[in-house]
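To keep things clear, I will list the structure first and then write my remarks on it.
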Amino acid sequence: MKITLSVIKADIGGYVGHSESHPDILAKAEECLARHKKSGLLVDYHVTKCGDDLQLIMTHQRGEENEEIHRLAWDTFVEGTKLAKTLGLYGAGQDLLSDAFSGNVKGMGPGIAEMEIEERKSEPVLIFMADKTSSGAWNMPLYKMFADPFNSIGLVIALSMHEGFSFEVHDVKDHKKITLNSPEEIYDLLIYIGAPGRYAVKAVYSRATGEIAAVSSTQRLSLIAGRYVGKDDPVCIVRSQGVFPAVGEVLEPFAFPHLVEGWMRGSHHGPFMPVSVADSIPSRFDGPPRVTCLGFQLTEGKLVGPRDMFADISFDNARQQANDVADYMRRHGPFEPHRLPLEEMEYTTMPEIAEKLAFRFEDLQE
Ligand code: F6R
Ligand code: MG
Ligand code: MG
Numbered sequence: 004m005k006i007t008l009s010v011i012k013a014d015i016g017g018y019v020g021h022s023e024s025h026p027d028i029l030a031k032a033e034e035c036l037a038r039h040k041k042s043g044l045l046v047d048y049h050v051t052k053c054g055d056d057l058q059l060i061m062t063h064q065r066g067e068e069n070e071e072i073h074r075l076a077w078d079t080f081v082e083g084t085k086l087a088k089t090l091g092l093y094g095a096g097q098d099l100l101s102d103a104f105s106g107n108v109k110g111m112g113p114g115i116a117e118m119e120i121e122e123r124k125s126e127p128v129l130i131f132m133a134d135k136t137s138s139g140a141w142n143m144p145l146y147k148m149f150a151d152p153f154n155s156i157g158l159v160i161a162l163s164m165h166e167g168f169s170f171e172v173h174d175v176k177d178h179k180k181i182t183l184n185s186p187e188e189i190y191d192l193l194i195y196i197g198a199p200g201r202y203a204v205k206a207v208y209s210r211a212t213g214e215i216a217a218v219s220s221t222q223r224l225s226l227i228a229g230r231y232v233g234k235d236d237p238v239c240i241v242r243s244q245g246v247f248p249a250v251g252e253v254l255e256p257f258a259f260p261h262l263v264e265g266w267m268r269g270s271h272h273g274p275f276m277p278v279s280v281a282d283s284i285p286s287r288f289d290g291p292p293r294v295t296c297l298g299f300q301l302t303e304g305k306l307v308g309p310r311d312m313f314a315d316i317s318f319d320n321a322r323q324q325a326n327d328v329a330d331y332m333r334r335h336g337p338f339e340p341h342r343l344p345l346e347e348m349e350y351t352t353m354p355e356i357a358e359k360l361a362f363r364f365e366d367l368q369e
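Heads up: take any position in the sequence shown, counting from 1, add 3, and you land on our numbering.
Okay, structure coming up:
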């Protein structure tokens, strides 16, 4: 059975500040999606949040980039924004960059990850959602899941994974893409994806079967809008088991809270902390950045679940380490590498200060 899994998300208002989503907004989204399940447009859905982002997880049979599905997500965000305004939520409608829907939510602000698959007899899927970071945050975990034998032993000892995976990498600034094969091209792959501000892993495919293994949202809000409008707060869908990494191999990269861009004012490096949905409430210095993961068994399009995958004590050490790294990074205050390099900061006073002080700069006599 062919089924499409679409995860479409947007920050349409925060509560309090940028720290969480209001329960009434989730209830409103639930109401909207229930209507479309009843009408038959959706096979199934699950509404959740990650920090201040509203997440619509949907299954249907209309394929990727379908106008009706995108319209229903857009209309849900518009409805939610109206409610966010009456509640006076912070930044109501912040990710809706356009006033009118024009057929596809791509480039309009919301983040999207979609995959159309031939559902297997048993189809475990893991949906990762992030807050206070940008789309390149998935590069390191996706590399580890699908290319690093120190993370995924299946690459070494499971025949089904031994042929490796191919990575579709997007240059988010120049709007170009390239596909590179693991294991033989990993050095070429890493020169790109080790620079996650510019190159993001969009999708991963099994080389044994050609099937899609993972897909992420790569929309960079600031590049769409040409100004700071909030962090991307990306999502990523990963299929698991069989020809794909086991659930534990998919989750294992998050035992290391690697440094990602984002955090306060989208202008800092901070540790990527794996948390339960309930703990996705980034409050300390508007962070540190969070990642949640919901697991489902996809059965004839029905989302059997969710299981809250990081609500597991085995991620306690990662959370502790993330808190220790947060302390350490915070002690740098306004200095790099806690603060992002000048050209990467989402907020800056530089043009104004540079203009004001230009007349006080003197040439160096060297
Ligand atoms: C980071 C984020 C927050 C805000 C900060 C200032 O992605 O959303 O850290 O940047 O709270 O917000 P404003 O400028 O809306 O007062
Ligand atoms: Mg926000
Ligand atoms: Mg957010």
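Just so it is clear, CB atoms sit at the ideal spot from N, CA and C, and this is done for glycine as well. If you're wondering where the values come from, they're calculated on a predicted model, not measured in any experiment.
Beta strand (DSSP E) segments (min. 3 residues) lying fully within the segment 129–181: 168–174
Gly94: CB within 7 Å of a non-hydrogen atom of ligand 2: By one-based count along the sequence shown, residue 94 stands at place 91. Yes, the beta carbon of Gly94 sits closer than 7 Å to at least one heavy atom of ligand 2.
Minimum C-alpha distance to Ile196 - residue among Leu100, Val172, Pro285 and Gln323: To locate residue 196, count along the sequence shown from 1; it is residue 193. Among Leu100, Val172, Pro285 and Gln323, the Cα nearest to that of Ile196 is on Val172.
Beta-carbon proximity of Leu262 to Ile130, cut-off 8 Å: By one-based count along the sequence shown, residue 262 stands at place 259. By one-based count along the sequence shown, residue 130 stands at place 127. No.
Any C-beta of chain D under 8 Å from that of Arg38: Among the protein chains of the structure shown there is no chain D, as only one such chain exists.
Proximal residues to Val50 (C-beta, below 8 Å), its chain only, five neighbours per side dropped: Taking the sequence shown and counting its residues from 1, one reaches residue 50 at position 47. Spatial neighbours of Val50 in its own chain (CB-CB distance under 8 Å, excluding positions within 5 residues in sequence) are listed in chain order as Leu29, Ala32, Glu33, Leu36, Leu57, Gln58, Leu59 and Ile60.
Paired residues, beta bridge with Ala258 - DSSP: As a first step, residue 258 is located in the sequence shown; it is residue number 255 there, counting from the start. According to DSSP, which records beta bridges pairwise, Ala258 is partnered with nothing at all.
N- and C-terminal bounds of the alpha helix (DSSP H) containing Pro26: For the purposes of this step, residue 26 is identified with residue 23 of the sequence shown, where counting begins at 1. It spans Pro26 to Lys41 - the alpha helix (DSSP H) in which Pro26 sits, taken as one unbroken run.
Rounded Cβ spacing between Lys135 and Gly54 (contact assumed at less than 8 Å): Counted from its first residue, the sequence shown places residue 135 at position 132. Counted from its first residue, the sequence shown places residue 54 at position 51. Yes, they are in contact, since the Cβ atoms of Lys135 and Gly54 sit about 6 Å apart, within 8 Å.
Beta-carbon proximity check, Ser22 vs Ile189, cutoff 8 Å: If you number the sequence shown from 1, residue 22 lands on position 19. If you number the sequence shown from 1, residue 189 lands on position 186. No, the Cβ-Cβ distance between Ser22 and Ile189 is not below 8 Å.
Buried/exposed call for Gln323, threshold 16 Cβ in 10 Å: Here residue 323 is taken as the residue at index 320 of the sequence shown, counted from 1. Exposed is the call here.
Nearest neighbour of Ala76, chosen from Lys12, Asp366 and Val250 [CA to CA]: In the sequence shown, the residue the question calls residue 76 occupies position 73. If we check each option's Cα against that of Ala76, Lys12 comes out closest.
Rounded separation between Val10 and Leu99 - CA only: Taking the first residue of the sequence shown as position 1, residue 10 is located at position 7. Taking the first residue of the sequence shown as position 1, residue 99 is located at position 96. Cα to Cα, the separation comes out at about 16 Å.
C-alpha distance - Ser286 paired with Ala133, whole-angstrom precision: Your numbering for residue 286 matches position 283 in the sequence shown. Your numbering for residue 133 matches position 130 in the sequence shown. Taking the straight line joining both Cα atoms gives about 14 Å.
Residue from Leu254, Arg210, Val128 and Lys205 with nearest C-alpha to Phe168: Stepping through the sequence shown from its first residue, residue 168 is reached at position 165. The residue with the shortest Cα to Cα distance from Phe168 is Arg210.
At least 3 beta-carbon pairs within less than 8 Å: the segment 318–334 vs the segment 139–153: no
Residues near ligand 3, criterion Cβ-heavy atom distance below 7 Å: Asp14, His21, Gly54, Asp55, Asp56, Asp134, Lys135, Gly233, Lys234 and Asp236
Contiguous alpha helix (DSSP H) assignments of at least 4 residues, all confined to the segment 42–106: 70–90
Whole runs of the beta strand (DSSP E) within the segment 292–368, excluding any shorter than 3 residues: Counting whole runs of 3 or more residues, the segment 292–368 contains the beta strand (DSSP E) stretches 293–302 and 305–311.
Cutoff 8 Å; reference Glu71; Cβ partners in own chain excluding five residues on either side: Walking along the sequence shown from the start, residue 71 turns up at place 68. Same-chain partners within the cutoff: Leu44 and Arg65.
Stretch pair the segment 239–249 + the segment 116–131: three plus CB contacts closer than 8 Å: yes
Cβ-Cβ distance between Leu306 and Phe313 below 8 Å: For the purposes of this step, residue 306 is identified with residue 303 of the sequence shown, where counting begins at 1. For the purposes of this step, residue 313 is identified with residue 310 of the sequence shown, where counting begins at 1. Result no, Cβ atoms of Leu306 and Phe313 do not sit closer than 8 Å.
Candidates Asn184, Pro144 and His341: closest to Ser219 by CA position: Translated into the one-based positions of the sequence shown, residue 219 becomes position 216. Closest by alpha carbon: Pro144.
Gly273 vs Pro291 beta-carbon contact at 8 Å: Position 270 of the sequence shown, counting from 1, holds the residue named residue 273. Position 288 of the sequence shown, counting from 1, holds the residue named residue 291. Yes.
For Ile194, the three-state DSSP class (helix, strand or coil): For this step, residue 194 is matched to residue 191 along the sequence shown. Ile194 carries a helical assignment under DSSP once its states are collapsed to helix, strand and coil.
Beta-bridge partners of Lys205, as assigned by DSSP: As a working note, residue 205 is residue 202 in the sequence shown. Beta-bridge pairing links Lys205 to no other residue.
Neighbourhood of Thr221 by C-beta distance below 8 Å, restricted to the same chain and skipping five residues each side: Taking the first residue of the sequence shown as position 1, residue 221 is located at position 218. Contacts found: Ser138, His173, Val175, Ala203, Lys205 and Pro237.
Continuous beta strand (DSSP E) stretch holding Gly273: start and end: Numbered from its first residue, the sequence shown carries residue 273 at position 270. Where Gly273 is concerned, the enclosing beta strand (DSSP E) stretches over His271 to Pro274.
Contact set for Met267: own chain, Cβ-Cβ below 6 Å, skip 5 residues either direction: Against the sequence shown, residue 267 aligns to sequence position 264. Counting only Cβ-Cβ distances below 6 Å, and skipping sequence neighbours, we find Phe288 and Asp289.
Reference Asp373, options Ser42, Pro113 and Gly83, closest by Cα: Limits of the chain in this structure are 4 at one end and 369 at the other, which puts residue 373 out of reach.
Per DSSP, cross-strand counterpart(s) of Thr212: As a first step, residue 212 must be located in the sequence shown, where it is residue number 209. DSSP output for Thr212 lists no bridge partner at all.
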